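Trainee:
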Amino acid sequence: MQANETRIVVVGGGLGSEATVRRLAKQKRAGVTIVYVRGMPYVEHLWASPSLICEPSTLARSISPNKASFEIPGVQYVYGLAQAVRDRQVLEVKLLGADVAEPALLRFDYLVAATGFDMALSARPGTTLSERRAWLEKVHNALKAATNTVLIAGGGSIGVETAGYIASWGILKAGTTVTLVSASDSILPGDATQTQEAAAAELRRLGVRVITGARVIADAAALADQVALAPGSRYALSNGETVVADVYVPAYASGPRTRWLESGAFGGALDGKTRRIVVDQTLRSTSHPALFAVGAVSSAHVLGSLPNVEEEAKTVAANILTLCAAASAGAKPAVLQPLAKPMLSSTPYQRVSKTFGMFKTESFGGGGMLWLCGFPCVMACPCVCLLEGINPMVCGWCCARPEGKGTADLLIAIGHGVGVAADTFKGWGEKPHEDGGAPPAAPAASTMGRLH
Ligand SMILES: Cc1cc2nc3c(=O)[nH]c(=O)nc-3n(C[C@H](O)[C@H](O)[C@H](O)COP(=O)(O)OP(=O)(O)OC[C@H]3O[C@@H](n4cnc5c(N)ncnc54)[C@H](O)[C@@H]3O)c2cc1C
1 MQANETRIVV VGGGLGSEAT VRRLAKQKRA GVTIVYVRGM PYVEHLWASP SLICEPSTLA
61 RSISPNKASF EIPGVQYVYG LAQAVRDRQV LEVKLLGADV AEPALLRFDY LVAATGFDMA
121 LSARPGTTLS ERRAWLEKVH NALKAATNTV LIAGGGSIGV ETAGYIASWG ILKAGTTVTL
181 VSASDSILPG DATQTQEAAA AELRRLGVRV ITGARVIADA AALADQVALA PGSRYALSNG
241 ETVVADVYVP AYASGPRTRW LESGAFGGAL DGKTRRIVVD QTLRSTSHPA LFAVGAVSSA
301 HVLGSLPNVE EEAKTVAANI LTLCAAASAG AKPAVLQPLA KPMLSSTPYQ RVSKTFGMFK
361 TESFGGGGML WLCGFPCVMA CPCVCLLEGI NPMVCGWCCA RPEGKGTADL LIAIGHGVGV
421 AADTFKGWGE KPHEDGGAPP AAPAASTMGR LH
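Just so you know, we're using UniProt numbering here: the sequence shown kicks off at 1 and counts up by one.
See below:
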C-alpha cells in the first residue's frame with residue numbers, strides 16, 4: 001500500500017454495489033484503489049428467486065458464475081463477508097472458503113455499504129452455487145409433495161409474484177391450495193387501485209386465496225427470513241384464523257442487511273428502529289463521514305426500484321471521487337452533490353404469474369413515456385415497440401394491452417438476465433468453470449490494509 005493511496009472499499013455483490021464499483025472504476029484517478037468485498041462468489045439475479053423455486057433448472061440462466069467474466073478490470077476483489085468495522089477505519093472480512101480461518105483486515109478511507117435486504121427466497125450471503133442449487137431443489141420438491149396449503153406471507157410485489165408463480169407453474173398436486181396473507185387491507189399497497197384489482201383478479205383466477213389485513217404471527221420473528229418445509233404445520237394468523245400448511249414462504253423484504261455494522265465502530269450510523277444507515281442528501285452517513293450507503297441499507301432509499309438504486313450509485317461514486325480529488329489537490333472543501341429526485345415511485349411493472357404480468361402506469365409519473373394506446377411507448381427507444389422478431393417482445397405488438405402473457409414472458413426473461421442485469425454483469429448464463437463456491441484464493445497482500 002502506498003502512503004498517499006486512497007482506498008475505497010465497497011461491500012455488497014448485488015446491483016447497487018456493482019453500479020457503484022463500475023462508476024468508480026470508470027472515473028477513478030491515480031492513487032485511488034477500489035476494493036470490492038463480494039459476499040457471493042457468483043452472481044444470481046435476485047428477481048428470479050420466486051420462479052427458481054418453481055423451476056430450479058432455470059438457475060443456470062439466472063446466474064453469472066465465472067469471476068473471469070464478471071469481475072471489473074482494475075478493481076481488487078475480496079470474496080468474503082463483512083463482519084464489523086474496527087477502529088481506525090478497518091473493515092474485518094471473513095473470507096469465503098474453509099481453509100482461510102483468519103479474517104482479512106481491510107483499511108479504508110471511504111466505505112460504501114450496499115448489502116441489500118434479507119429475503120427468505122434470496123441466496124444467503126456466502127452461499128455456494130451447489131448449496132444454492134440443493135436448497136432450491138429442496139423447496140421445489142416440498143412444493144411438489146404438498147397436499148395441504150402452500151402459505152405465502154407478504155402482499156407486496158414479491159408475495160403476489162410468488163403466490164402467482166406457484167399457483168400457475170403446474171407443479172402442485174390437484175387439491176393443494178395456495179393462500180396469500182397480506183398485512184395491508186389490499187394486496188400491492190401503494191399501487192393504483194387498477195393495478196391492485198388486476199393482480200387480485202389474476203390470483204383469483206388461479207385459485208389463490210387472498211387474506212388481507214392479517215399477519216402470520218406464529219414465531220413471526222423466527223420465521224421471517226426462512227422458508228419452512230414442515231408438512232402439516234399450523235400457522236396462527238392475527239385475525240384468529242389458523243392455516244395448516246406444508247410449505248410456508250415469507251415473501252417480503254425482512255430488513256436491511258446491516259448487522260455487520262451493528263457492533264463495531266460504525267454502529268452509531270444506524271437508525272435505532274429501521275436499522276438503516278442514516279444518510280444525508282449526498283448519501284453520506286450523518287454521523288460517520290467515511291461511510292456512504294446505496295440501496296436498501298440507506299435511509300434515503302425508495303425500496304424496490306432499480307433505477308433509483310442506479311441513481312444512488314451514481315451519486316455515491318461521484319461524491320467519493322470528489323472527496324478524493326479535493327484531498328489530493330489540497331483544495332477548498334469539496335462540494336458534494338445531492339441525490340436526484342427518485343425517478344420511480346415503485347417498480348414499473350408487476351409480475352403476477354407465469355401467464356400474466358403488467359406495467360404499472362402510476363410508477364412512471366409521465367416522464368419519457370407516452371400512453372398512446374395502452375402500452376407505454378418509450379419515446380427514447382421506439383424501436384423496442386416497432387421491431388419485429390424480438391422474442392419476447394414486450395407486449396407482442398404495438399398498441400397491445402400493457403398486461404398479459406407477453407409482459408409475463410418479458411418479465412421472466414429479465415430474471416434470466418435479459419436487460420438490466422445483463423448490461424450490469426457480464427458472463428450471464430455461462431457454464432460454471434468451477435463450482436462458483438469454491439474458495440477463492442486469499443487476496444493478494446496488496447489488497448490487505450494491515451493494521452501494523
Ligand atoms: C424477487 C424480487 C424481485 C424484484 N423485482 C424488481 C423489479 O422488477 N424491478 C426493480 O427495479 N427492482 C426489483 N427488485 C428490487 C431490486 O432487486 C433491488 O432494489 C436491488 O437488488 C437492490 O440492490 P442492492 O445492491 O441494494 O441489494 P442486493 O441486490 O440485495 O445485493 C446485496 C448484496 O450484498 C451481499 N451481502 C450482504 N451482506 C453482506 C456482507 N456482510 N458482506 C458481503 N456481502 C454481503 C449479498 O450477498 C448481495 O449480493 C426485486 C427484488 C426482489 C427480491
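In this text, a Cβ means the ideal position worked out from N, Cα and C, and glycines have one as well.
None of these values were measured; they are calculated from a predicted model.
1) From this set, Ala334, Leu15, Gly190, Thr162, which residue's C-alpha is nearest Val249's C-alpha?
2) Contact between the segment 122 to 129 and the segment 20 to 27 is defined here as three or more beta-carbon pairs at a separation below 8 Å; is this criterion met?
3) Apart from the five residues on each side of it in sequence, which residues of its chain come closer than 8 Å, Cβ to Cβ, to Ile320?
4) Taking 7 Å as the cut-off, does the CB of Met40 come closer than this to any heavy atom belonging to ligand 1?
5) From what residue to what residue does the beta strand (DSSP E) around Gly12 run?
6) What span of residues does the alpha helix (DSSP H) with Ser92 cover, start to end?
7) Residues bridged to Val247 by DSSP?
8) Under three-state DSSP, which class holds residue 486?
9) Are three or more beta carbon pairs between the segment 305 to 321 and the segment 10 to 23 nearer than 8 Å?
10) Closer than 7 Å: is that where the CB of Pro125 sits relative to any heavy atom of ligand 1?
11) Let's test the definition: count the other Cβ atoms within 10 Å of the Cβ of Pro231 and tell me whether it reaches 16, buried, or not, exposed.
12) Would you call the segment 42 to 50 and the segment 400 to 409 in contact, with 3 or more CB pairs under 8 Å?
13) Check the DSSP bridge columns for Met358 and list the partner residues they point to.
14) Near Val75, which residues of its chain fall below 7 Å by C-beta distance, leaving aside the five closest residues on each side in sequence?
15) Using C-beta distances below 6 Å, list every residue in its chain close to Ala326, excluding the 5 sequence neighbours before and after it, in chain order.
16) Can you give, in chain order, each stretch of the alpha helix (DSSP H) that sits fully within the segment 185 to 236 and has at least 4 residues?
17) Give the secondary structure of Gly159 by DSSP, where H, G and I count as helix, E and B as strand, and everything else as coil.
18) Given a cut-off of 8 Å, decide if Ser298 and Leu283 are closer than it, judged by their beta-carbon atoms.
19) Rounded to whole angstroms, how far is the Cβ of Gln194 from the Cβ of Leu188, which I believe are closer than 8 Å?
20) Which word fits Gly31, buried or exposed, when buried means at least 16 other C-beta atoms lie within 10 angstroms of its C-beta?
21) Tell me where the alpha helix (DSSP H) around Ser285 begins and ends.
22) Would you mind stating whether Asn213 and Leu180 have Cβ atoms separated by less than 8 Å?
23) Taking 8 Å as the limit between beta carbons, can you name the residues of its chain near Leu339, skipping five residues before and five after?
24) Check the C-beta distance from Ala167 over to Ser346 and give it rounded, since I have them as a contact under 8 Å.
25) Which residue wins for smallest C-alpha separation from Ser238, given the options Gly255, Leu411, Gly264, Ser182?
26) Mind checking whether the beta-carbon of residue 453 lies closer than 7 Å to any heavy atom of ligand 1?
27) If you follow the beta strand (DSSP E) that Gly80 is part of, which residue opens it and which one closes it?
28) Below 8 Å on the Cβ atoms is my contact criterion, and I expect Gly12 with Thr115 to pass it. Report the Cβ-Cβ distance as a whole number of Å.
29) Quick one: using the 10 Å Cβ neighbour count with 16 as the cut-off for buried, is Arg204 buried or exposed?
30) Among all the DSSP beta bridges, which residues are the ones paired with Thr242?
31) Output yes or no for whether 8 Å exceeds the beta carbon distance between Ser206 and Gly164.
Mentor: Taking the structure as given:
1) Thr162
2) no
3) The answer, listed in chain order, is Ile8, Leu24, Tyr110, Val112, Phe292.
4) Result yes, Cβ under 7 Å from ligand 1.
5) 6 to 12
6) Rather than Ser, the amino acid found at residue 92 in this sequence is Glu. Where Glu92 is concerned, there is no enclosing alpha helix (DSSP H), although the beta strand (DSSP E) it sits in stretches over 90 to 95.
7) Val150
8) No information on residue 486 is available, as it lies outside the stretch 1 to 452 that the chain covers here.
9) yes
10) yes
11) exposed
12) no
13) Gln350, Glu403
14) Val21, Ala25, Ile34, Tyr36
15) Ala334
16) 193 to 205, 220 to 223
17) helix
18) yes
19) Not quite, the Cβ-Cβ distance comes to about 11 Å (not below 8 Å), so this is no contact.
20) exposed
21) Here Ser285 belongs to no alpha helix (DSSP H), and DSSP marks it neither H nor E.
22) For clarity, residue 213 is Gly in the given sequence; the question names Asn instead. No, they are not a contact pair.
23) Gln281, Thr282, Leu283, Ala300, Glu311, Glu312, Thr315
24) That belief does not hold up - the Cβ atoms of Ala167 and Ser346 are roughly 23 Å apart, past 8 Å.
25) Ser182
26) With the chain covering 1 to 452 only, the question about residue 453 has no answer from this structure.
27) That run of the beta strand (DSSP E) goes 76 to 86.
28) 5 Å
29) Around the beta carbon of Arg204, a 10 Å sphere encloses fewer than 16 other beta carbons of the protein chains shown; the residue is thus reported as exposed.
30) Ala236
31) It is Leu, not Ser, that sits at residue 206 in the sequence shown. Yes, the Cβ-Cβ distance between Leu206 and Gly164 is below 8 Å.
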